[in-house]
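A quick write-up on the structure given underneath.
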Amino acid sequence: MRLHVGCAMWTHTPWQGRYLPHPLPPSERLRAYATWCDAVEGNTTFYATPSRSTVETWAEQTGPGFRFVVKLPKPITHERRLAGAGEELRAFLDAIEPLGPRAHALWIQLPASFGPNDVGALAAFLHRLPAHHRYAVEVRHRAFFADARATGLLERVLGRAGAEWVPFDTTAFFDTPPTSDAERDAWLKKPRVPRRATALTDRPIVRYLGRDDVTRTVEGWRPWVATVAGWLREGRSPTVFVHTPDNAEALPLARRFHEDVRALLPELEPLPEPVSPSDGPSSDDEPLTLF
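Going by full-length UniProt numbering, the first residue of the sequence shown is number 1, and it counts up by one from there.
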């Protein structure tokens, strides 16, 4: 019985000196994060394929049980819309190869304009992908959530490929108007789609967006606590990523989500104790700071 939790990144300025040691060289930042969480979203790969040597350092800083959910580059999913991007795909697959089993799933995030009429392109793309990876697809077109025929079509295509449907749950975030600059920015950018809590595989992946207010974030994820506990009882091994608009508290919140699930399932193994900010290097010239 294993639940993995994580955030949208492994380095974030508000965490420095508060939750993670500061200063830390780039080669140690992921290692420190991995004492808090055992999964991370690979969002940076959407904007540029990393060098193989960079990915090797990611593998060196994490254990084999750590989970990366790595996003396919934008040229493949948004510019080429899954067609004619063989060269870009090969370069990406070669770059992430050093992750080995840490590459928990390759994340195919599709634009909001990618609708039911495009599912054929997705089916063909999934069919061409190497079988030794797991795949997870995130869609944002409302028809996939509101039209039963579109939902069924997508589920059949994903089911044939053994791919998971990744929900990005923003319902708690959009429940009331924004109250901060970070929330107002997210209000304009994040998708507004209904909550979806159906797992297609034995390793479901959830992305949850709360608010900058910790209490409201925790209140909003309560349906997911019950859902995830149910998946664990069924023998599934979920991964849950906790987001907030400013992500200032996302690191401890991810651990708190794990604790909330464990309150329902005491047999769930706890996360290890995280590194303390005082465990990092410091000097009189460069003391631990919040920013």
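Cβ atoms here follow ideal geometry from the backbone N, Cα and C, with glycine treated the same way.
According to the DSSP assignment, PHE241 belongs to the beta strand (DSSP E) that extends over 239 to 243. In terms of Cα proximity to ALA39, the closest of THR62, LEU200, ALA123 is THR62. Excluding its 5 nearest sequence neighbours in each direction, VAL119 has C-beta neighbours in its own chain below 7 Å: LEU153, LEU154, VAL157, listed in chain order.
Between the segment 74 to 89 and the segment 236 to 253 there are fewer than three C-beta pairs closer than 8 Å, too few to call the two in contact. The distance from the Cβ of ALA95 to that of THR49 is about 5 Å, consistent with a contact at the 8 Å cut-off. Excluding sequence positions up to five before and after GLU269, its CB lies within less than 8 Å of the CB of MET1, ARG2, all in the same chain and listed in chain order. Listed as beta-bridge partners of ALA39 by DSSP are GLY6, ARG67. For ALA95, there is no enclosing beta strand (DSSP E); the residue is found in the alpha helix (DSSP H) stretching over 86 to 96. According to DSSP, residue pairing for VAL225 in a beta bridge does not occur. Three or more beta-carbon pairs separated by less than 8 Å are not found between the segment 138 to 154 and the segment 209 to 219, which leaves the two stretches without contact. Scanning its chain for C-beta atoms nearer than 6 Å, with the 5 sequence neighbours on each side dropped, one finds around ARG140 the residues ALA112, PRO191, in chain order.
Judged by their CB atoms, VAL70 and GLY42 are nearer to each other than the 7 Å cut-off. Nearest neighbour of VAL137 by Cα position, chosen from THR198, LEU129, PHE114, LEU110, turns out to be LEU110.
A Cβ-Cβ contact shorter than 7 Å links LEU99 with PHE68. Closest by C-alpha distance to LEU251, out of PHE125, ALA143, TYR33, THR198, is TYR33.
Cβ contact annotation for TRP224 (same chain, cutoff 8 Å, sequence separation greater than five): ASP169, ALA197, VAL206, TYR208, VAL240, PHE257, in chain order.
When beta bridges are read from the DSSP output, PHE168 appears opposite ARG207.
If you draw a straight line from the Cα of LEU265 to the Cα of LEU129, it is about 36 Å long.
C-alpha of HIS132 to C-alpha of TYR47: approximately 24 Å in a straight line. With contacts defined by Cβ atoms closer than 7 Å, PRO277 and PRO21 form a contacting pair. LEU232 counts as buried, since no fewer than 16 other beta carbons sit within 10 angstroms of its beta carbon. DSSP places ALA105 in the strand class (E or B) of the three-state scheme.
Here the alpha carbons of THR54 and THR35 stand approximately 20 Å from one another. Annotation: TRP187 to ARG102 spans about 32 Å, alpha carbon to alpha carbon.
For GLU28, the enclosing alpha helix (DSSP H) begins and ends at 26 to 33. GLU138 has GLN109 as its beta-bridge partners, per DSSP. Contact between THR217 and GLU164 does not hold, since their C-beta atoms are separated by about 24 Å, which reaches or exceeds 8 Å. DSSP places PRO252 inside the alpha helix (DSSP H), whose first and last residues are 250 to 264. The beta carbon of ARG262 sits closer than 7 Å to those of LEU268, PRO270, all from its chain and outside the five residues before and after it, given in chain order.
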